[in-house]
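So the structure is just underneath, and the comments pick up after that.
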Amino acid sequence: TITSRNERISGLIKRAGGLTAFAYPAGASLKRIPETTEQADTSLKRQLQRLQGSMGGDSAGINNTLLQQSNQNDYVGIHLEKVLQDPGSKYDLFIQNGDVLDVPRQLQTVQVEGQVLYPVTTPYDEGRGIKYYISQAGGFSLKAKKRRLYVVYANGYVRSTSGFLFFRHYPQVEPGSQIFVPVKPEGRKMSAAEVLGLSTGAASLTAVILTIISLVKK
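With the numbering used here applied, the sequence shown corresponds to residues 3 to 220, in that order.
Now the structure itself:
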């Protein structure tokens, strides 16, 4: 039970006797279950809106991801290493009724899911980047939206791909990471009337350019 309203993660760890020699604090996670049905519904709507934006309306992919996340409930990103180094700091969160603090053993795998040829769980190889783990899953599928790839870390934090011009920076991969490749939204096909209108406009523009060129030559 919680001993006081101001009890923090560090206090809970202390009451549990501290970490064992096999603990992996970098992968520790804090699961916070919504206290009311209204909070749960709000959380689900927030996840749905985020997924619709990242997955281009892929209903099957959204349902699968929501199912996984509903099983996980709501995770609060924590840095247990920083909590233990500086108890009482901003990283040392207050705990609430129903919180579940999970400190795993050393994690050794990485999950690759989404728009890859063969979703897989593969051994973590220190120093390897995202492209290596994507190759372990057979590479990107034709529907993959590479620019929106993101990584969910074991401690609950999420990092997305960033880029500038033709340069792309992928998140770092850590033990216990989950790499997710969203689906590319389907482009709307042009109707026959739109194609005809575009062709007519291009022909008119070409005629205008040729007329200008002839006048300049005179």
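Every residue gets a Cβ at the ideal spot worked out from N, C-alpha and C, and that includes glycine.
The model shown is predicted, which means the values in this text are computed figures rather than measured ones.
Between residue 85 and residue 12, what straight-line distance do the alpha-carbon atoms span, to the nearest angstrom?
Residue 85 sits at position 83 when you count from the first residue of the sequence shown. Residue 12 sits at position 10 when you count from the first residue of the sequence shown. A straight-line Cα-Cα distance of about 6 angstroms links residue 85 and residue 12.
Answer with buried or exposed for residue 64, where buried requires no fewer than 16 other C-beta atoms within 10 angstroms of its C-beta.
Start at 1 with the first residue of the sequence shown, and residue 64 comes out as number 62. Note on residue 64: pLDDT 48, under 50, position unreliable in the model; the coordinate value appears next. Burial call: buried.
Could you please give the first and the last residue of the uninterrupted beta strand (DSSP E) stretch that includes residue 164?
In the sequence shown, counting from the first residue as 1, residue 164 sits at position 162. Where residue 164 is concerned, the enclosing beta strand (DSSP E) starts and stops at 164 to 166.
Is DSSP giving residue 202 helix, strand or coil here?
Within the sequence shown, residue 202 is the residue found at index 200, counting from 1. Of the three classes helix, strand and coil, the one that applies to residue 202 here is helix, per DSSP.
Grab me the residues of residue 29's own chain with a C-beta within less than 7 angstroms of its C-beta, minus the 5 sequence neighbours each way, in chain order.
As a position in the sequence shown, residue 29 is number 27, starting the count at 1. Around residue 29: 106, 109, 156, 157, 177, 178.
Let's see if you can read the secondary structure: which residues bound the beta strand (DSSP E) around residue 116?
Mapped onto the sequence shown, residue 116 falls at position 114. The continuous beta strand (DSSP E) containing residue 116 extends over residues 111 to 116.
Spell out the partners DSSP gives residue 103 in its beta bridges.
Locating residue 103 in the sequence shown gives position 101, counting from the first residue. Answer is 32, bridged to residue 103.
Give a yes or no on contact between the stretch 97 to 105 and the stretch 13 to 29, applying the rule of three or more CB pairs nearer than 8 angstroms.
Cβ pair count under 8 angstroms is three or more, so yes.
Expressed to the nearest angstrom, what Euclidean distance is found between the alpha-carbon atoms of residue 73 and residue 116?
Within the sequence shown, the letter at position 71 stands for residue 73. Within the sequence shown, the letter at position 114 stands for residue 116. Because the pLDDT of residue 73 is 47, which lies under 50, any placement of that residue in the model is unreliable, and the number read from its coordinates should be weighed accordingly. C-alpha of residue 73 to C-alpha of residue 116: approximately 18 angstroms in a straight line.
Given residue 127 as reference, the closest of 118, 22, 111, 10 once Cα atoms are compared:
Position 125 of the sequence shown, counting from 1, holds the residue named residue 127. Comparing Cα positions, the closest option is 111.
Where do the ends of the beta strand (DSSP E) carrying residue 150 lie?
Within the sequence shown, numbered from 1, the residue matching residue 150 stands at position 148. Element bounds for residue 150: n/a, residue is neither H nor E.
Compute the beta-carbon to beta-carbon distance between residue 138 and residue 34, rounded to the nearest angstrom, for a pair I have assumed lies under 8 angstroms.
Locating residue 138 in the sequence shown gives position 136, counting from the first residue. Locating residue 34 in the sequence shown gives position 32, counting from the first residue. By a beta-carbon distance limit of 8 angstroms, residue 138 does not contact residue 34. Their separation comes to about 32 angstroms.
Counting only the same chain and skipping the five closest in sequence on each side, list residues whose C-beta sits under 8 angstroms from that of residue 80.
By 1-based counting over the sequence shown, the position of residue 80 is 78. Here the set comprises 11, 30, 31, 32, 93, 95, 157, 158.
Quick one: residues in its chain with C-beta nearer than 8 angstroms to the C-beta of residue 161, no 5 flanking neighbours on either side, listed in chain order?
Here residue 161 corresponds to residue number 159 of the sequence shown, with the count starting at 1. 152, 153, 155, 173, 174.
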